[in-house]
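Student: This is the structure I have questions about; it appears just below.
In the UniProt record's numbering, the protein residues as written are 1 to 87.
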């Protein structure tokens, strides 16, 4: 029996390659809205993050969201994402 290839993605915070299923997807929609993508299938530019506050804080501090999405991300979005991340 053939084994399936596990898709790997890089975390914005720790910069480690991990299985896609273990990471959270954050998406910039075609309208320019940055939000959490719980399904992992929303249309737009996606970036992945470990479900830990340490990785989130590192990504914010190093401005990796800006690099990944090509736009400045509103601080309100960060507050909203952090609230969803800790729960």
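Even for Gly, the Cβ is constructed at its ideal location relative to N, Cα and C.
In this text the structure is predicted, and so the values were computed from the model without any measurement.
For residue 48 versus residue 9, is the C-beta spacing smaller than 8 Å?
Tutor: It is a contact, given that the beta carbons lie within the stated cut-off.
Student: Can you name, in chain order, every residue of its own chain whose Cβ lies under 6 Å from the Cβ of residue 77, other than the five neighbours on each side?
Tutor: Cβ neighbours of residue 77 beyond the five flanking positions: 34.
Student: To the nearest angstrom, how far is it from the Cα of residue 12 to the Cα of residue 31?
Tutor: Roughly 22 Å separates the two Cα atoms.
Student: Just how far apart, CA to CA, sit residue 79 and residue 62?
Tutor: Using only the alpha carbons, I get a separation of about 16 Å.
Student: What's the call for residue 27, buried or exposed, on a 16-neighbour Cβ count within 10 Å?
Tutor: Residue 27 should be labelled buried.
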